[in-house]
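Here the structure comes first, spelled out in structure tokens, and everything after it is commentary.
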Amino acid sequence: MAEATPVDLRRHWPAAAAIGGAAGLLSGLLGIGGAAILVPGMVDILGMSQHRAAGTSLLAMLPTAAVAAIVYAQGDQTSWPLIVLFSITAVAGASIGARVSSRLPGLVLRRIFGVCLLLIALRLLVPGGASEADAISVDLFAQATEITAGEGLLGLVAGFLSGLLGIGGAQILTPGMVYLFAIPQKVAQGISVACIVPTAIAGAYQHYRQGNVDTRVGLVLIPTSIAAGALGAAFVHLVDAPTLRFGFGIFLVYAGTRMLAPRLWTGLFRRLRP
Numbered sequence: 003m004a005e006a007t008p009v010d011l012r013r014h015w016p017a018a019a020a021i022g023g024a025a026g027l028l029s030g031l032l033g034i035g036g037a038a039i040l041v042p043g044m045v046d047i048l049g050m051s052q053h054r055a056a057g058t059s060l061l062a063m064l065p066t067a068a069v070a071a072i073v074y075a076q077g078d079q080t081s082w083p084l085i086v087l088f089s090i091t092a093v094a095g096a097s098i099g100a101r102v103s104s105r106l107p108g109l110v111l112r113r114i115f116g117v118c119l120l121l122i123a124l125r126l127l128v129p130g131g132a133s134e135a136d137a138i139s140v141d142l143f144a145q146a147t148e149i150t151a152g153e154g155l156l157g158l159v160a161g162f163l164s165g166l167l168g169i170g171g172a173q174i175l176t177p178g179m180v181y182l183f184a185i186p187q188k189v190a191q192g193i194s195v196a197c198i199v200p201t202a203i204a205g206a207y208q209h210y211r212q213g214n215v216d217t218r219v220g221l222v223l224i225p226t227s228i229a230a231g232a233l234g235a236a237f238v239h240l241v242d243a244p245t246l247r248f249g250f251g252i253f254l255v256y257a258g259t260r261m262l263a264p265r266l267w268t269g270l271f272r273r274l275r276p
């Protein structure tokens, strides 16, 4: 699939670099993929098609998530058994969700999910909602190696919704780990950002085969995204869990309102177009 109007990088490279930096910073700081910034930024500011932007965002997310995951791992804020479990179940769930999505009314699904994201955001933004997870230190959690069927189901659901709605699974995975399994916020973010890597590999490959990856734009996005992602992941060590959870809640407010009222954010992004 060819892009009808290729991006003029001579004019738009500063905007592309800024989009990559903003997405990378949020990816490292909150343990998300960054597609919620990359895709609308490329569509509304750079003028790319939705499919092309989605494929290019996966290309940019891959090295960014990998670097951020390494920084989290260096701070012992991750769990390799859970990364393996969630990677397997999320990829399987995403495959199922992608197949189901073509049979269901997308607009209704996105609105329902938008409401769900806002409810999760409300839970995150209300103080005292995750005291049990906060009480568990990262060091203490690192000693626990037991994984449960419930955690596997969470990965399956997160992957399914990712494939069904074209969203990042971290929007479900991170709060699910914190509230359902009392996993510390920082560890949950480290796990989520690591799980992005295998998902992005599979998705980027499929989009590349279909011609939906603009490697020129990707090469502009990646350097600033990696640098900002590493900075954000390193900054996590200096921020307490309630503050991070509040930031993640604000991000979910953005993601939820974008699903419920996309024109609101489209107009805002287009005002930033050079």
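Each residue of the sequence shown is one higher than the one before, starting from 3 at the first, in the numbering used here. Where is the CB? At the ideal position from N, CA and C, for every residue including glycine. These numbers were taken from a predicted model, which means no experiment stands behind them.
Comparing alpha-carbon positions, which option in the options lies nearest residue i?
i, options, result
"threonine 1", "Pro42, Glu153 and Leu166", "Here the chain comprises residues numbered 3 to 276, so residue 1 is not present and cannot be evaluated."
"leucine 233", "Ala20, Val9 and Gly30", "Gly30"
"alanine 202", "Ser164, Val222 and Lys188", "Ser164"
"alanine 326", "Leu84, Gly22, Leu60 and Pro42", "Because residue 326 is not part of the residues shown, which for the chain are 3 to 276, the question remains open."
"glycine 220", "Leu240, Asp10 and Gly22", "Gly22"
"alanine 206", "Arg260, Gly116 and Gly57", "Gly57"
"tryptophan 15", "Ala257, Ala243, Leu223 and Ala62", "Leu223"
"leucine 126", "Arg12, Val180, Ile185 and Ala92", "Val180"
"proline 244", "Trp267, Pro186, Ala19 and Leu266", "Pro186"
"glycine 251", "Leu155, Val128 and Arg260", "Val128"
"isoleucine 122", "Gly258, Ala263 and Gly77", "Gly258"
"valine 7", "Ala19, Asp78, Gln52 and Leu158", "The sequence given here has threonine at residue 7, not valine. The shortest C-alpha separation from threonine 7 is found at Gln52."
"serine 59", "Ala37, Val238, Gly157 and Leu124", "Ala37"
"phenylalanine 253", "Ala20, Leu11, Leu28 and Arg12", "Leu28"
"arginine 265", "Ala229, Pro42, Ala151 and Ser227", "Pro42"
"glycine 49", "Ala68, Ile114, Ala18 and Ile72", "Ala18"
"tyrosine 74", "Leu106, Ser89, Thr268 and Gly231", "Gly231"
"leucine 155", "Ser89, Leu109, Thr80 and Val238", "Ser89"
"valine 69", "Ala235, Leu240, Phe248 and Val102", "Ala235"
"lysine 188", "Thr150, Ile228, Gln76 and His209", "Gln76"
At which residues does the alpha helix (DSSP H) containing residue i begin and terminate?
i, result
"isoleucine 185", "First-last for isoleucine 185: undefined, no H or E at that position."
"valine 159", "151–167"
"proline 16", "11–32"
On the three-state DSSP scale, how would you describe residue i?
i, result
"methionine 261", "helix"
"glutamine 79", "coil"
"proline 225", "helix"
"leucine 106", "coil"
"methionine 297", "The structure shown does not extend to residue 297, since the chain spans only 3 to 276, so no value can be given for it."
"glutamine 212", "coil"
"valine 128", "coil"
"glycine 220", "helix"
"proline 244", "helix"
"alanine 135", "With a pLDDT of 48 at alanine 135, under the threshold of 50, the modelled position of this residue cannot be trusted; read the value that follows with caution. Reduced to three states, the DSSP call for alanine 135 is helix."
"glycine 36", "coil"
"leucine 171", "Per the sequence shown, residue 171 should be read as glycine rather than leucine. Three-state result, glycine 171: coil."
"threonine 58", "helix"
"threonine 7", "coil"
"alanine 230", "helix"
"glutamine 145", "Unreliable positioning characterises glutamine 145 in this predicted model, as indicated by a pLDDT of 45, which lies under 50. The coordinate reading is nonetheless provided below. Looking at glutamine 145 - three-state DSSP - the assignment turns out to be coil, as it is neither helix nor strand."
"phenylalanine 250", "helix"
Report the CB separation of residue i from residue j in whole angstroms; it is logged as a contact under 8 Å.
i, j, result
"alanine 24", "isoleucine 39", "5 Å"
"glycine 178", "alanine 160", "7 Å"
"threonine 66", "glycine 33", "That belief does not hold up - the Cβ atoms of threonine 66 and glycine 33 are roughly 12 Å apart, past 8 Å."
"leucine 64", "valine 199", "7 Å"
"arginine 112", "methionine 261", "5 Å"
"valine 238", "leucine 246", "7 Å"
"alanine 92", "glycine 192", "Not quite, the Cβ-Cβ distance comes to about 15 Å (not below 8 Å), so this is no contact."
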